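**Student:** In my numbering, the protein residues as written are 9 to 159. All C-beta atoms, glycine included, are put in the ideal place defined by N, C-alpha and C. These numbers come from a predicted model, not from an experiment.
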Amino acid sequence: AAALGLEREYPDRIDLSGRLTPAGQAMRDGLSAACTNDILRIGAGGSLPQVSPISRLTDEPGALAVVDENSLELYPGVPPMPIFEWHSPTDALIPVDSITATLARYCAAGAHVQSLETPTPDHMSAAVLGLGQAMDFLTKRFAGEETPRTC
9 AAALGLEREY PDRIDLSGRL TPAGQAMRDG LSAACTNDIL RIGAGGSLPQ VSPISRLTDE
69 PGALAVVDEN SLELYPGVPP MPIFEWHSPT DALIPVDSIT ATLARYCAAG AHVQSLETPT
129 PDHMSAAVLG LGQAMDFLTK RFAGEETPRT C
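1) State yes or no: is the C-beta of Ala-119 within less than 8 Å of the C-beta of Pro-87?
2) How about Pro-129 and Ser-106: do their beta carbons lie closer than 8 Å?
3) Which of the three DSSP states is assigned to Glu-17 in this structure?
4) Give the C-beta separation of Ser-60 and Leu-101 to the nearest angstrom, bearing in mind that I take them to be a contact with Cβ-Cβ under 8 Å.
5) Is the Cβ-Cβ distance between Ser-123 and Glu-154 less than 8 Å?
6) Output the distance between the C-alpha atoms of Thr-126 and Val-136, rounded to the nearest integer angstrom.
7) Near Tyr-114, what residues of its chain come up, given a Cβ to Cβ distance below 8 Å and the 5 sequence neighbours on each side ignored?
8) Return the chain-ordered list of same chain residues with a C-beta closer than 7 Å to the C-beta of Gly-138, the five sequence neighbours on each side being excluded.
9) In the DSSP assignment, the alpha helix (DSSP H) including Glu-6 goes from what residue to what residue?
10) Quick one: grab the DSSP three-state call for Ser-25.
11) Measure the Cβ-Cβ separation of Thr-110 and Leu-80 and say whether it is below 8 Å.
12) Can you give the Cα-Cα distance for Arg-149 and Ala-117, rounded to whole angstroms?
13) Does DSSP put Ile-91 in a helix, a strand or coil?
14) Roughly how many angstroms separate the alpha carbons of Ala-31 and Asp-99, rounded to a whole number?
15) Kindly indicate the opening and closing residues of the beta strand (DSSP E) around Val-136.
Right under this line is the structure:
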């Protein structure tokens, strides 16, 4: 979903749609106006090889610069509000080391961070497994309650 969002915002620099399998095209069409729950439902249990022969978004010409321009790791600022972040420690779709480095930088700067590593090997299952705690985090935030910190 994130890669398709980057393609939508930078159509002259990223062309993923032309490299999707029929299953990938169907997924893209289903995601075009989807909200989080639909994105999770459509992508649950899926893997990159099922939707595209591209092994990494950054292998696409022009895509690396777009990814860098939108990278939290490369952005020097630190969010002033509490953060809840979750991922699989073995996720093949996202750079886990970059997440670790970014969260360490946020923590060193005194940010209020709650991080969760989900016990699953893939991206979409991690999204589903962490959703309950993410909703708890948001519920507490909107109620003005303190949220846990992992740093």
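**Tutor:** Reading off the structure:
1) The residue labelled residue 119 in the question sits at position 111 within the sequence shown. The residue labelled residue 87 in the question sits at position 79 within the sequence shown. Yes.
2) On the sequence shown, residue 129 is found 121 positions in, with the first residue counted as 1. On the sequence shown, residue 106 is found 98 positions in, with the first residue counted as 1. The answer is no: Cβ separation not under 8 Å.
3) Looking up residue 17 in the sequence shown gives position 9. Three-state DSSP puts Glu-17 in a helix.
4) Here residue 60 is taken as the residue at index 52 of the sequence shown, counted from 1. Here residue 101 is taken as the residue at index 93 of the sequence shown, counted from 1. Between Leu-101 and Ser-60 the Cβ distance is about 11 Å, and since that is not below 8 Å, they are no contact.
5) Within the sequence shown, residue 123 is the residue found at index 115, counting from 1. Within the sequence shown, residue 154 is the residue found at index 146, counting from 1. Taking 8 Å as the Cβ cut-off, Ser-123 and Glu-154 do not qualify as a contacting pair.
6) Against the sequence shown, residue 126 aligns to sequence position 118. Against the sequence shown, residue 136 aligns to sequence position 128. Rounded to whole angstroms, Thr-126 to Val-136 spans 9 Å at the Cα level.
7) Here residue 114 refers to the residue found at position 106 when the sequence shown is read from its first residue. If we look at Tyr-114 and ignore the five residues flanking it on each side, its Cβ neighbours are Val-86, Pro-87, Ile-91, Val-121, Cys-159.
8) Along the sequence shown, one-based indexing puts residue 138 at 130. Counting only Cβ-Cβ distances below 7 Å, and skipping sequence neighbours, we find Trp-94, Leu-124, Thr-126.
9) Look at the range of the chain in this structure, 9 to 159, and you will see that residue 6 is not part of it.
10) The residue given as residue 25 occupies position 17 in the sequence shown. Ser-25 falls in the helix class under three-state DSSP.
11) Position 102 of the sequence shown, counting from 1, holds the residue named residue 110. Position 72 of the sequence shown, counting from 1, holds the residue named residue 80. It is a contact, given that the beta carbons lie within the stated cut-off.
12) Here residue 149 is taken as the residue at index 141 of the sequence shown, counted from 1. Here residue 117 is taken as the residue at index 109 of the sequence shown, counted from 1. Those two C-alpha atoms are separated by around 21 Å.
13) In the sequence shown, residue 91 corresponds to position 83, counting from 1. Ile-91 falls in the strand class under three-state DSSP.
14) Counting from 1 along the sequence shown, the entry for residue 31 is found at position 23. Counting from 1 along the sequence shown, the entry for residue 99 is found at position 91. Near 21 Å, if we compare the C-alpha coordinates of Asp-99 and Ala-31.
15) Residue 136 sits at position 128 when you count from the first residue of the sequence shown. Counting along the chain, Val-136 falls outside any beta strand (DSSP E), though it belongs to the alpha helix (DSSP H) covering 131-150.
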